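For the sequence shown, the numbering used here begins at 882 and goes up steadily by one.
Glycine included, every Cβ here is placed at the ideal spot set by N, Cα and C.
Just so we're clear, the structure is a prediction, and the values are computed from it rather than from any experiment.
Single-structure report; data block below.
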Amino acid sequence: MTKRKTIIAGNWKMFKTRKEATELASAVAAGIKGEKDLPEVVLIPPFTSIEAAIESVRGSSIAVGAQNMDWRDDGAFTGEVSPLMLLDLGVKYVLIGHSERRQFFGETNQTVNQRLKAALAHKLIPIVCVGETLDERESGLTDSVVRRQVAAALAEIEPAALDIIIVAYEPVWAIGTGKVCEADEADRVLGQIRATIADLYKEGGHSARAEQVPLLYGGSVKPANIEEQMAKPEIDGALVGGASLKAEEFLPLVKAAQKRVQGTAKTTKDSLSKV
Ligand code: PEP
882 MTKRKTIIAG NWKMFKTRKE ATELASAVAA GIKGEKDLPE VVLIPPFTSI
932 EAAIESVRGS SIAVGAQNMD WRDDGAFTGE VSPLMLLDLG VKYVLIGHSE
982 RRQFFGETNQ TVNQRLKAAL AHKLIPIVCV GETLDERESG LTDSVVRRQV
1032 AAALAEIEPA ALDIIIVAYE PVWAIGTGKV CEADEADRVL GQIRATIADL
1082 YKEGGHSARA EQVPLLYGGS VKPANIEEQM AKPEIDGALV GGASLKAEEF
1132 LPLVKAAQKR VQGTAKTTKD SLSKV
């Protein structure tokens, strides 16, 4: 089986001043110091705290990401931040199409695709977010919505980019609500996403590249529910909001993902059946 990267990414949303970012990033770096078999740990502060976070994790394996970016290099686009500006700070990852951007800031499948192309062109690692609303889930539309979002995001994207892109399934109804998607269901939807990617790239014989794409689950991930998710075959990590804002909640998530890297992740059910 292909060994994919395991990733724990913390989306700090519109929280953390520079001072708070320095404290949190330093605490996370201290918490994983000397650890082996770590997942890729990505901290995603608001723009104004990116530099402080980067300074705080220097010398560690932690990477820093941005929550959004424009697809143009520069220009008269008041309030926007370009890929070049992120690279200049030392940013490695960028979230694209987070549901809060889609819900509140007019992000569309088309602009997701434009941002994805720009991220790839600038060698930023994109984490593309997809997920259905509660209404869509209750109307039985989960799979078709997610498939459409994935297909639109990947329009005109070269097969080789599948070695770089990360996709996060974040059901909108599970984000910041405390309602976590059952691990089996998250695993199933991520399986659909992988199958969709394979299907999109079957022309030219590139389906197998879908196996390389790390797939994350996001939506109310906490220390209490991560273990079960990390034991699922399609869940390669987590995109975490609320629980990434405190080192004492975020570090146990990194530890749970470390077990996946070590191949010892087990669901509660698995461990009970062995008793
Ligand atoms: C998120 O912001 O991407 C997220 C998943 O938030 P939360 O973990 O708070 O649901």
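According to DSSP, N892 shares a beta bridge with I925. Secondary structure note for G1072: its alpha helix (DSSP H) is the uninterrupted segment A1064 to L1081. Assigned with DSSP and collapsed to three states, I943 falls in coil, not helix or strand.
Excluding five sequence positions before and after A999, the CB atoms of its chain that fall closer than 6 angstroms to its own CB belong to W952 and P964, given in chain order. In this structure, E932 sits away from T887, with a CB-CB distance that is not shorter than 8 angstroms. Contact between the segment 1119-1129 and the segment 1090-1107 is present, with at least three C-beta pairs closer than 8 angstroms. Beta bridge pairing from DSSP links L1096 with V1048.
Counting only runs of 4+ residues, the alpha helix (DSSP H) found wholly inside the segment 1125-1152 occupies 1128-1143, in chain order.
In the structure shown, the three-state DSSP call for L1005 is coil.
The beta-carbon distance between V938 and A910, rounded to whole angstroms, is 5 angstroms. This is short enough to meet the 8 angstroms contact definition. Counting only unbroken stretches of 3 or more residues, the beta strand (DSSP E) elements lying wholly within the segment 959-1025 are 974-977 and 1006-1011, in sequence order.
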